[in-house]
Amino acid sequence: MALSTVLETPVAGFDFENAARNAALEGLLEKGQAPKPLKTGTTIAGVVFKDGVVLGADTRATSSEVVADKMCAKIHYIAPNIYCCGAGTAADTEKTTDLLSSNLTIFSLNSGRNPRVVMAINILQDMLYRYKGHIGANLILGGVDCTGNHLYTVGPYGSVNKVPYLSMGSGDLAALGILEDRFKSDMQLEEAKDLVRDAIHAGIMCDLGSGNNIDICLTRRKGNTSTVQAQHQF
Amino acid sequence: MLSTQAFADNGKMKDYHYTGPVEHRFSPYAFNGGTVLAVAGEDFAIVASDTRLSEGYSIHSRDSPKCYKLTDTTVIGCSGFHGDCLTLTKIIDARLKMYKHSNNKTMTSGAVAAMLSTILYSRRFFPYYVYNIIGGLDEEGRGAVYSFDPVGSYQRDTYKAGGSASAMLQPLLDNQIGFKNMEGVQHVPLTQEKATQLVKDVFISAAERDVYTGDALRLCIVTKEGIKEETISLRKD
């Protein structure tokens with residue numbers, strides 16, 4: 001079987017060849033010996049404010065109890081007006097957001113329009129539901145388009161929620177405490193940025209799976225989208 | 001919202017469909033994290049530990065040191081399950097008092113180590129989930145380090161790391177204190193200042209890469225003048 005892929009181009013999509021073998025091996029291998037995928041163990045948060053959406057994330061990637069990457073980027077580019085934060089299995093969030101970004105670029109080129117946030121959500125939901133939760137991606141998608149400022153969350157089984165503020169990842173409860181306390185609708189830019197920064201800070205201090213630095217991404221109606229990194233001493 | 005409890009140990013999402021009878025087991029142990037380290041010099045010993053107490057991904061306390069003073073010349077570092085650490089140190093304290101009253105002298109470091117080994121082995125079939133390292137001065141005033149496993153096997157060492165970041169620290173100590181895996185290096189004896197600085201640097205590195213280690217470092221330096229304690233800040237995230 002392995003030799004045939006050298007002569008032919010591999011078929012697109014996932015290859016489930018090893019699924020039966022892995023299931024059989026799981027019984028034979030002792031608990032904990034199977035290779036584990038790298039999980040990010042994260043705090044991510046998003047807030048809708050007057051002129052757009054602010055997204056925030058920490059930068060630590062853990063492989064069970066060891067810090068694998070101190071500066072990993074969890075805010076992914078989807079379109080010039082749409083960004084996405086990912087928590088869960090690192091490979092899944094990377095590839096899912098890359099695939100989404102490519103699809104939306106093709107759409108933009110075909111139709112000459114900026115993609116809308118609902119389109120991104122429908123594509124994501126469709127894909128994650130189809131794979132029945134095997135793709136472990138918890139995503140917060142935020143962006144501005146002609147219909148307004150939007151913030152959505154998509155779960156690994158394909159559930160979608162449209163919300164004004166949100167946090168995900170292993171540090172979600174710590175960040176949510178800050179968000180619940182200080183969120184107001186139609187906040188100004190500086191207030192919204194401070195709120196997201198403090199929410200991620202709470203996640204970093206109270207959750208062992210999150211740490212190092214805070215990344216902030218602003219998506220605004222007027223002016224460019226910008227990503228900044230706040231460096232903190234912990 | 002799904003948190004990490006949604007992921008089973010093999011990395012796949014846990015099934016939410018009822019698949020049949022499920023056995024729930026109560027585990028009497030918990031892992032509370034923490035790292036301990038001890039170094040023995042010519043006439044001093046250093047026992048150091050971080051002060052973070054955690055469980056799962058949460059932090060119970062940022063100020064829970066794992067070094068306990070036993071006598072004027074002996075300090076013990078205990079990491080693992082905090083409940084067992086507390087009980088074990090209480091038992092050791094009681095046994096030290098009993099020895100003092102019966103024999104009219106303080107237990108030496110070597111004697112404490114031998115006694116701890118028997119205490120741990122007496123619980124061979126329901127062990128204390130504790131990784132112990134004793135640091136102190138022996139009868140001749142030289143530094144001594146004794147390292148244990150949870151059921152009482154022990155040996156005298158020059159340096160030893162135990163606890164959650166032990167696998168990261170031990171190779172570094174082997175290289176810097178034991179001069180292992182290096183060629184053409186002069187074997188200079190370890191001074192107290194150099195040992196203290198090395199312990200601080202080693203813990204700062206451990207806090208960078210191990211999530212269970214951090215918050216603060218508590219150093220206990222044992223010399224014939226007594227025990228000096230120092231606290232240094234570490235990463236809190």
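These protein sequence lines map, in sequence, to chains A and B. With the first letter of the first sequence counted as 1, position 146 gets the number 146 in our numbering; the numbers rise by one all the way through. With the first letter of the second sequence counted as 1, position 217 gets the number 217 in our numbering; the numbers rise by one all the way through. Beta carbons are placed, not taken as given, at the ideal position from N, Cα and C, and that holds for glycine.
- Anything in chain A within Cβ reach of tyrosine 212/B, meaning under 8 Å, just list it in chain order. Glu65 and Leu208
- Of the residues Ser54/B, Ala114/B, Phe44/B and His101/B, which one's Cα is nearest the Cα of threonine 35/B? Of the candidates Ser54/B, Ala114/B, Phe44/B and His101/B, Ser54/B places its Cα closest to the Cα of threonine 35/B.
- Output the residue ranges of the beta strand (DSSP E) runs that lie fully inside the region 143 to 231 of chain A and measure 3 residues or longer, sorted by chain position. The region 143 to 231 of chain A contains these whole beta strand (DSSP E) runs: 148 to 154, 160 to 162, 165 to 168, 214 to 220 and 226 to 230.
- Query: So, does the CB of arginine 209/B fall closer than 7 Å to a CB anywhere in chain A?
  - Reply: Interface residue, yes.
- Return no unless some Cβ of chain B is closer than 7 Å to the Cβ of serine 108/A. no
- Message: Among the candidates Gln125/A, Asp198/A, Leu189/A and Asn213/A, whose CA atom is the shortest distance from the CA of phenylalanine 49/A?
- Response: Leu189/A
- Task: Grab the span of the alpha helix (DSSP H) containing glutamate 193/B for me, first residue to last.
- Result: 192 to 209
- How many whole angstroms separate the CB atoms of isoleucine 135/A and proline 156/A, which I take to be in contact at a CB cut-off of 8 Å? 6 Å
- Query: Do leucine 179/A and alanine 192/A have their CB atoms nearer than 7 Å?
  - Reply: For leucine 179/A and alanine 192/A, no; Cβs fall outside 7 Å.
- Query: Would the region 183 to 196 of chain B and the region 68 to 78 of chain B be scored as touching if the rule is three or more Cβ pairs under 8 Å?
  - Reply: Counting Cβ pairs under 8 Å, fewer than three are found: no touch.
- Query: From this set, Ala111/B, Tyr146/B, Glu208/B and Gly56/B, which residue's C-alpha is nearest alanine 38/B's C-alpha?
  - Reply: Tyr146/B
- Just reading off the alpha helix (DSSP H) that isoleucine 92/B is part of, what are its end residues? 82 to 103
- Query: Are the region 118 to 129 of chain B and the region 155 to 171 of chain B touching, with three or more C-beta to C-beta distances below 8 Å?
  - Reply: When Cβ pairs closer than 8 Å are counted between the two stretches, the region 118 to 129 of chain B is seen not to touch the region 155 to 171 of chain B, the count staying below three.
- Within this structure, are the beta carbons of arginine 197/A and aspartate 51/A separated by less than 7 Å? no
- Task: Whole angstroms is fine: what's the gap from alanine 165/B's alpha carbon to serine 79/B's?
- Result: 11 Å
- Message: Between the alpha carbons of valine 222/B and glycine 143/B, how many angstroms are there, rounded?
- Response: 8 Å
- Message: Could you check whether the region 43 to 60 of chain B touches the region 170 to 188 of chain B, counting it as contact only if at least three pairs of C-beta atoms, one from each stretch, sit closer than 8 Å?
- Response: no
- Take glutamate 230/B and list the residues in its own chain whose beta-carbon comes closer than 6 Å to its own, dropping the five residues that flank it on each side. The residues are Leu219.
- Message: What residue range does the alpha helix (DSSP H) around phenylalanine 107/A cover?
- Response: Element bounds for phenylalanine 107/A: 90 to 111.
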